[in-house]
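Chains as they are written, first to last, in the working numbering: chain A, 547 to 746; chain B, 547 to 746. Here a beta-carbon is modelled for each residue, glycine too, at the ideal position from N, C-alpha and C. If you're wondering where the values come from, they're calculated on a predicted model, not measured in any experiment. Written out below as structure tokens is the structure these notes cover.
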DNA sequence: GTCTATAAAGCGATAGAC
DNA sequence: GTCTATCGCTTTATAGAC
């Protein structure tokens, strides 16, 4: 737990965001969650905005870990198609860590609409995801045009986030969200197949 | 402008949400935007949460208007496919009214994750949209299985919102978002076509 | 590095006059 | 219906001791 203080605080902040939202985040609650005083939080971070900024990076890194890095490079027994599906469906689990990450991610995404600084940080994390998915699609249909892969990846991330929001706000049950995501992948892969055929 | 006070306030609230987000909404700023005192806002609405709640309905109604009600029933020259596309692409325009509505909608959606009351109101508006899209898909492929239509509609709304968020936070340029949405529709319609073929 | 105490400001909400 | 004035709480952020 106590790798170092900064990490403790960020972990606590992620928990608080998942529980209360970015708007509901109180520095004092982060401190309580981390078991320290408010002043110490300010010793380690410049201000509230700084905490949010760093928490975004923390969450992004953690998601990288639990989705197992690049899909298709982790477990070798999977074929590329299964790897992509597994990687995207990992975002839909009822484990606290995942729910926390998804919730916080959605919150920060929403906040970024009004916060230029946050936006920048998000753009970076988003690019990583996009490249990852584009690569995964490339492994499935290596002969497909690169542009078609990028578009597909972009739509998949958008769908992922839309479904995620719906799941987290209780508008969609977990299994339903998973089903919709699975089919979205199927649909995109089929589309890519058509595009590959045309290109050949 | 001055239809009645309540409406003035709601219009002002929508503008403020679009500018600052739900998180950034200050009752005093709503009052200033409407050109009245803070106290008068509280005379017309119970509390801050009440304003938010009613603003959601206001936005939902207004969107209904500018998307022209049920797609395929508006302009008769359109075929059902074009009508669906037009209806969904109406959410991606740089008109202030639309940008405002989309922003506020995204905000309320995000807020609903932490607000059970808002969730309920949202569920209603969401159902309307869903039915609308399901019907539109039905007009395109009348012989398709109803379940396939519902799933398609659900994915389209999720994609719409995901893309909308990305557009509004400047991660996607407007034209790019429109292109992605257009292709998402194409992809779903194609999928529905396959499902129809299987069902026959 | 860490705490207690507190300043400073923000903001929701109401009282009461007109 | 509408305003001015203000209460009272919450929350960010810092000062200063250890």
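CB of residue i within 8 angstroms of CB of residue j, strictly
i, j, result
"residue 693 (chain B)", "residue 738 (chain B)", "no"
"residue 705 (chain B)", "residue 741 (chain A)", "no"
"residue 650 (chain B)", "residue 564 (chain B)", "yes"
"residue 561 (chain A)", "residue 590 (chain A)", "no"
"residue 558 (chain A)", "residue 602 (chain A)", "no"
"residue 566 (chain B)", "residue 660 (chain A)", "yes"
"residue 671 (chain A)", "residue 652 (chain B)", "no"
"residue 612 (chain A)", "residue 576 (chain A)", "no"
"residue 731 (chain A)", "residue 630 (chain A)", "yes"
"residue 733 (chain B)", "residue 734 (chain A)", "yes"
"residue 698 (chain B)", "residue 707 (chain A)", "no"
"residue 703 (chain A)", "residue 679 (chain A)", "yes"
"residue 714 (chain B)", "residue 633 (chain B)", "no"
"residue 720 (chain B)", "residue 604 (chain B)", "no"
"residue 626 (chain A)", "residue 686 (chain A)", "yes"
"residue 669 (chain A)", "residue 717 (chain B)", "yes"
"residue 684 (chain B)", "residue 695 (chain B)", "yes"
Chain A contact for residue i (CB, 8 angstroms cutoff)
i, result
"residue 660 (chain B)", "yes"
"residue 711 (chain B)", "yes"
"residue 730 (chain B)", "yes"
"residue 652 (chain B)", "yes"
"residue 672 (chain B)", "yes"
"residue 742 (chain B)", "no"
"residue 601 (chain B)", "no"
"residue 697 (chain B)", "yes"
"residue 719 (chain B)", "no"
"residue 705 (chain B)", "yes"
"residue 649 (chain B)", "yes"
"residue 669 (chain B)", "yes"
"residue 665 (chain B)", "yes"
Residue i CB to nearest heavy atom of the ligand SAM below 7 angstroms
i, result
"residue 660 (chain B)", "In terms of ligand content, the structure shown is empty, and the ligand SAM therefore cannot be addressed."
is_contact[residue i, chain B] using C-beta, thresh 8 angstroms
i, result
"residue 656 (chain A)", "yes"
"residue 700 (chain A)", "yes"
"residue 715 (chain A)", "yes"
"residue 579 (chain A)", "no"
"residue 568 (chain A)", "yes"
"residue 708 (chain A)", "yes"
"residue 680 (chain A)", "no"
"residue 733 (chain A)", "yes"
"residue 726 (chain A)", "yes"
"residue 561 (chain A)", "no"
"residue 608 (chain A)", "no"
Continuous alpha helix (DSSP H) stretch holding residue i: start and end
i, result
"residue 705 (chain A)", "692–714"
"residue 583 (chain B)", "Counting along the chain, residue 583 (chain B) falls outside any alpha helix (DSSP H), and DSSP gives it neither H nor E."
"residue 647 (chain B)", "642–658"
"residue 637 (chain A)", "Residue 637 (chain A) -> no alpha helix (DSSP H), and no H or E assigned at all."
"residue 719 (chain A)", "Note, residue 719 (chain A): premise wrong, no alpha helix (DSSP H); not H, not E."
"residue 604 (chain A)", "594–612"
"residue 746 (chain B)", "Careful: residue 746 (chain B) lies outside any alpha helix (DSSP H) and carries neither H nor E."
"residue 564 (chain A)", "551–566"
"residue 662 (chain B)", "662–686"
Does the region 563–578 of chain B come close enough to the region 593–605 of chain B to have 3 or more Cβ pairs within less than 8 angstroms? The region 563–578 of chain B, when compared against the region 593–605 of chain B, does touch it at the 8 angstroms Cβ threshold.
Determine which residues of the region 624–642 of chain B have a Cβ less than 8 angstroms from any Cβ of chain A, and write them out in chain order. Taking a C-beta cut-off of 8 angstroms against chain A, none of the residues of the region 624–642 of chain B qualify.
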